[in-house]
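**Q** The structure's right below; bear with me while I get my questions together.
2 protein chains.
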Amino acid sequence: MKIPSSHPRAESLRIREILKKGFDEGIVIAQGLIAQGRGETFDYLIGERTTPIAISSIRAAAAYLLIAKRPVISVNGNIAVLSPKEIVELANSIGGKIEVNLFHRSAKRELLIKKRLLINGAKDVLGVGNSASANLSGFESHRRKVDPRGILVADTVLVPLEDGDRTLNLRKVGKLVIAIDLNPLSRTAQTATVTIVDNVVRAMPLLVKETNSLKNESIDKLERIVKEFDNKSNLQKCISHISKRLVQISASNGVLK
Amino acid sequence: MKIPSSHPRAESLRIREILKKGFDEGIVIAQGLIAQGRGETFDYLIGERTTPIAISSIRAAAAYLLIAKRPVISVNGNIAVLSPKEIVELANSIGGKIEVNLFHRSAKRELLIKKRLLINGAKDVLGVGNSASANLSGFESHRRKVDPRGILVADTVLVPLEDGDRTLNLRKVGKLVIAIDLNPLSRTAQTATVTIVDNVVRAMPLLVKETNSLKNESIDKLERIVKEFDNKSNLQKCISHISKRLVQISASNGVLK
C-alpha cells in the first residue's frame with residue numbers, strides 16, 4: 173500500500189509496513205505485530221517524537237554501554253527488521269556482541285534474523301541454533317538458552333523491544349539492562365537499569381550517535397553521567413509528560429493531532 | 173500457547189490468541205493484529221474494565237439503535253472473530269441488518285466472515301461480493317461499495333473497531349454512527365454520534381443486554397435517554413479518567429497492575 177507523505181500518520185504507517193513485510197518474510201511473528209500496535213499507542217500519547225527525557229536516558233545508556241566490559245545487544249524479530257543497520261553500528265561503536273534471543277524460538281526464524289544482520293554488516297551473530305547452548309538460571313525453559321560467548325558472560329545487555337520477564341530475570345542474575353520501551357509503566361521499563369522511553373526507530377540512531385560521541389571520553393566522565401542518571405525519576409517524568417498531554421487534549425476537547 | 177489463569181494479563185492474552193487464530197484462519201489480517209495491539213494499550217490505561225462512563229454510552233447507544241428505522245451493524249475481521257455471537261444477538265434484538273464492510277476487501281475474506289456469522293446464527297449477511305453493488309458518496313473507491321439493502325439505506329450504523337475516515341464519512345452522508353473504540357482521542361471516537369470507549373468483548377454483551385432491557389420501552393423514554401447523552405462530555409470524562417490513572421501511577425512510582 174502506498175502511503176502519501178501528507179498523511180498525518182505517515183511515519184507510523186511506514187513503520188507498520190516494514191513490520192508487515194518482516195512478517196511476510198517470516199522474521200516477525202503475529203505477536204510481534206500486536207506488540208507493534210501496543211507501542212504505537214504509547215508513541216502517539218508521547219507525541220511521536222524523542223523527548224528531552226528520552227535524550228537524557230539515551231546519554232546514560234551510551235555511558236553504560238561504553239563502560240561495560242562485555243556488552244551484548246539482544247535482538248528479536250521486530251528490532252531486526254526495524255533497526256538492522258543501527259544494531260551493527262552500535263555493536264561496532266561499543267565493541268559489543270549481537271545475540272539473537274527470541275521468546276518464540278524457531279531455528280528458521282533465528283537464521284533469517286542472522287542473515288538480515290549479516291547483510292547489514294554484522295561480523296558475527298550469536299545465539300543461533302546450537303550456539304545457544306548455555307542455560308541462564310531463573311528463566312523459563314525456552315528462554316533459558318543463551319550463547320556462552322554472549323548473554324551468559326555479558327555484564328550489560330541492551331534489550332530493545334523485549335517483554336518484562338526477560339529484563340527482570342537478567343537483572344536477577346546480575347546483568348545491567350538497557351531497555352528501549354515506549355511503555356513507561358511496563359515491567360521492562362520499571363526493572364531496567366536504564367529505560368529509554370522512545371520509539372526504536374528514533375532512539376537507535378541517537379544511541380549510535382551518542383556512543384560515538386562519548387567513546388573517547390574518560391571513564392571518569394562516563395561514570396559521572398551514569399551516576400547523575402536516575403531511572404525511576406526519569407520514568408516518572410515520562411508518565412507525567414503523557415498525563416499532561418492528555419489533560420491538554422481533554423481541555424481543548426480536540427483530537428490529539 | 174496455554175495461558176495460566178493466574179497470569180496478570182490472562183484475559184488480554186486470551187483475546188490475543190483469538191485474534192491470532194482468526195489470523196491463521198484468514199479472517200483477520202496483519203493490520204488487524206496491529207490494531208488489536210493499539211487497543212490493548214488503551215484498555216490497559218483505562219483499567220481493563222467497563223467504566224461507568226462507558227455504561228452511560230452503552231445505554232445511549234442502545235436507545236439510538238432501538239429508535240432507528242434501519243439500523244445496520246458493520247462487521248470487519250476483528251469483530252467477526254471477537255464477538256460473532258453478540259453481533260447476531262444484537263441484530264435480532266434491534267431488528268437490524270448485518271453487513272460485512274472491510275477496509276482491505278477480499279472476496280475470500282468476506283465469505284469467511286459471512287460463514288462465521290452464519291455459524292453463529294445470522295439469518296442474512298449483507299455486503300459480500302457482488303451484494304455490495306451500491307456506491308456511497310464521499311468515500312475512497314474501495315470503501316465506497318456498500319449493500320443497497322444495508323448501509324446505503326441505513327439511518328444508524330454500528331461500527332465496532334473501525335477507522336476514523338469511515339465514521340466521518342458515514343456522518344457526512346447523514347448517518348448516525350455508534351462506534352466502539354478504546355481510543356477516546358481517535359477520529360472515530362471524536363466524530364461518532366455515540367462513542368463507547370470500551371473493549372468490544374466487554375461492551376458487545378452489555379449492549380445486547382441493554383437493547384433487550386430497553387426494547388419494550390416507549391419511544392418517548394428512548395428519546396429522553398438519547399437527549400440526555402452528551403458524547404463530547406462523555407469523551408472528555410474518558411480522557412480525564414485515563415489521565416487520573418496515569419497521575420496515580422506516577423505518584424505511587426509503581427507499575428499499573
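These protein sequence lines are chains V and H, in that order. Numbers in the working numbering are just positions in the first sequence, counted from 1, shifted up by 172. Numbers in the working numbering are just positions in the second sequence, counted from 1, shifted up by 172. Virtual Cβ for every residue (Gly too), placed ideally from N, Cα, C. Note that the structure is predicted; figures quoted are calculated from it, not measured.
Secondary structure at H:Asn307, three-state DSSP: helix, strand or coil?
**A** Residue 307 of chain H sits at position 135 when you count from the first residue of the second sequence. Reduced to three states, the DSSP call for H:Asn307 is strand.
**Q** Run through DSSP, which three-state label would V:Lys429 get?
**A** Here residue 429 of chain V is taken as the residue at index 257 of the first sequence, counted from 1. For V:Lys429, the predicted model reports a pLDDT of 40, less than 50, meaning its position is unreliable and no value from the coordinates is stated.
**Q** To which residues does DSSP link V:Ala351 through a beta bridge?
**A** Taking the first residue of the first sequence as 1, we reach residue 351 of chain V at position 179. Answer is V:Val331, V:Thr367.
**Q** Just to confirm the assignment, what range does the beta strand (DSSP E) spanning H:Glu389 have?
**A** For the purposes of this step, residue 389 of chain H is taken as residue 217 along the second sequence, with counting starting at 1. That residue, H:Glu389, is in no beta strand (DSSP E); it is neither H nor E in DSSP.
**Q** Starting from the C-beta of V:Ala226, find all residues in its chain whose C-beta is less than 7 angstroms away, skip the five residues before and the five after it, and write them out in chain order.
**A** Within the first sequence, the letter at position 54 stands for residue 226 of chain V. Within the same chain, V:Ala226 has close Cβ partners Ile368, Val369, Asp370, Ala375.
**Q** Can you say whether H:Arg396 is buried or exposed, counting buried as having 16 or more other CB atoms within 10 angstroms of its CB?
**A** Counted from its first residue, the second sequence places residue 396 of chain H at position 224. Result: exposed.
**Q** Just to make sure I have the definition right: I need the residues of chain H whose C-beta is within less than 7 angstroms of the C-beta of V:Lys192. Which are they?
**A** Sequence index remark: in the first sequence, residue 192 of chain V carries index 20 (1-based). Correct list: Ala202.
**Q** How would you list, in chain order, the residues of chain V whose beta-carbon sits under 8 angstroms from the beta-carbon of H:Leu284?
**A** One-based indexing of the second sequence puts residue 284 of chain H at position 112. Those do not exist, as H:Leu284 stays about 17 angstroms from chain V at its closest Cβ, beyond 8 angstroms.
**Q** Measuring alpha carbon to alpha carbon, tell me which residue in H:Lys393, H:Lys416, H:Asn248 is nearest H:Ile352.
**A** For the purposes of this step, residue 352 of chain H is taken as the residue at position 180 of the second sequence. When each option's Cα is compared against that of H:Ile352, the closest is H:Asn248.
**Q** Which residues share a DSSP beta bridge with H:Leu298?
**A** Taking the first residue of the second sequence as 1, we reach residue 298 of chain H at position 126. H:Glu271, per the DSSP bridge assignment.
**Q** Show which residues of chain V have a CB atom less than 8 angstroms away from the CB atom of H:Gly209.
**A** Counting from one through the second sequence, the residue named residue 209 of chain H turns up at place 37. The answer, in chain order, is Leu205, Ile206, Ala207, Gln208, Gly209, Arg210, Gly211, Glu212, Thr213.
**Q** Look at the alpha carbon of H:Glu451 and the alpha carbon of H:Leu274, and state the distance between them as a whole number of angstroms.
**A** There is no way to answer for residue 451 of chain H, as the model of chain H reaches only from 173 to 429.
**Q** Establish whether the CB of H:Val419 and some CB of chain V are separated by less than 8 angstroms.
**A** Here residue 419 of chain H corresponds to residue number 247 of the second sequence, with the count starting at 1. Yes - at least one Cβ of chain V is within 8 angstroms of the one on H:Val419.
**Q** Taking all protein chains shown into account, do 16 or more other C-beta atoms lie within 10 angstroms of the C-beta of H:Gly301, making it buried, or fewer, making it exposed?
**A** Locating residue 301 of chain H in the second sequence gives position 129, where the first residue counts as 1. Exposed.
**Q** Within the chosen definition, does the stretch 240-247 of chain H reach the stretch 401-409 of chain H through at least 3 CB pairs nearer than 8 angstroms?
**A** No contact exists between the stretch 240-247 of chain H and the stretch 401-409 of chain H.
**Q** DSSP puts V:Lys317 in a beta bridge; with which residues?
**A** The residue given as residue 317 of chain V occupies position 145 in the first sequence. Its beta-bridge partners are V:Asn307.
**Q** If you measure between the beta carbons of V:Arg188 and V:Gln203, is that distance less than 8 angstroms?
**A** In the first sequence, residue 188 of chain V corresponds to position 16, counting from 1. In the first sequence, residue 203 of chain V corresponds to position 31, counting from 1. Not a contact, by the Cβ cut-off of 8 angstroms.
**Q** Return helix, strand or coil for V:Met173, following the three-state DSSP convention.
**A** By 1-based counting over the first sequence, the position of residue 173 of chain V is 1. Residue placement at V:Met173 is poorly supported in this model, since its pLDDT is 47, which falls under 50; the coordinates are not used for a value here.
**Q** DSSP three-state label for H:Pro356, please.
**A** Here residue 356 of chain H corresponds to residue number 184 of the second sequence, with the count starting at 1. H:Pro356 falls in the coil class under three-state DSSP.
**Q** Quickly, what does DSSP pair V:Val244 with across the bridge? List them, please.
**A** Locating residue 244 of chain V in the first sequence gives position 72, counting from the first residue. Bridge partners of V:Val244: V:Lys269, V:Val329.
**Q** Quick one: which residues of the stretch 391-416 of chain V get their C-beta closer than 7 angstroms to a C-beta of chain H? List them in chain order.
**A** Hits within the stretch, in order: Lys404, Gln408, Ile411, Ser412, Ile414, Ser415.
**Q** Is the beta carbon of V:Ser303 within less than 7 angstroms of some heavy atom of the ligand PLP?
**A** This structure lacks the ligand PLP; in fact it carries no ligand of any kind.
**Q** Along the chain, where does the alpha helix (DSSP H) containing V:Phe401 start, and where does it finish?
**A** Translated into the one-based positions of the first sequence, residue 401 of chain V becomes position 229. V:Phe401 -> no alpha helix (DSSP H), and no H or E assigned at all.
**Q** Flag this pair as yes or no: are the beta carbons of H:Ser184 and H:Glu212 separated by less than 8 angstroms?
**A** Walking along the second sequence from the start, residue 184 of chain H turns up at place 12. Walking along the second sequence from the start, residue 212 of chain H turns up at place 40. Contact: yes.
**Q** Roughly how many whole angstroms lie between the Cα atoms of H:Val272 and H:Val297?
**A** Here residue 272 of chain H is taken as the residue at index 100 of the second sequence, counted from 1. Here residue 297 of chain H is taken as the residue at index 125 of the second sequence, counted from 1. Their backbone Cα atoms lie some 7 angstroms apart in a straight line.
**Q** Between V:Ile218 and V:Ala252, is the Cβ-Cβ spacing less than 8 angstroms?
**A** One-based indexing of the first sequence puts residue 218 of chain V at position 46. One-based indexing of the first sequence puts residue 252 of chain V at position 80. Result no, Cβ atoms of V:Ile218 and V:Ala252 do not sit closer than 8 angstroms.
**Q** Would H:Gly299 be called buried (16 or more neighbouring beta carbons within 10 Å of its own) or exposed?
**A** As a working note, residue 299 of chain H is residue 127 in the second sequence. Buried: at least 16 other Cβ atoms inside 10 Å.
**Q** Just curious, the alpha helix (DSSP H) that H:Asn250 is in, first and last residue?
**A** On the second sequence, residue 250 of chain H is found 78 positions in, with the first residue counted as 1. From DSSP, the alpha helix (DSSP H) with H:Asn250 extends over 249-254.
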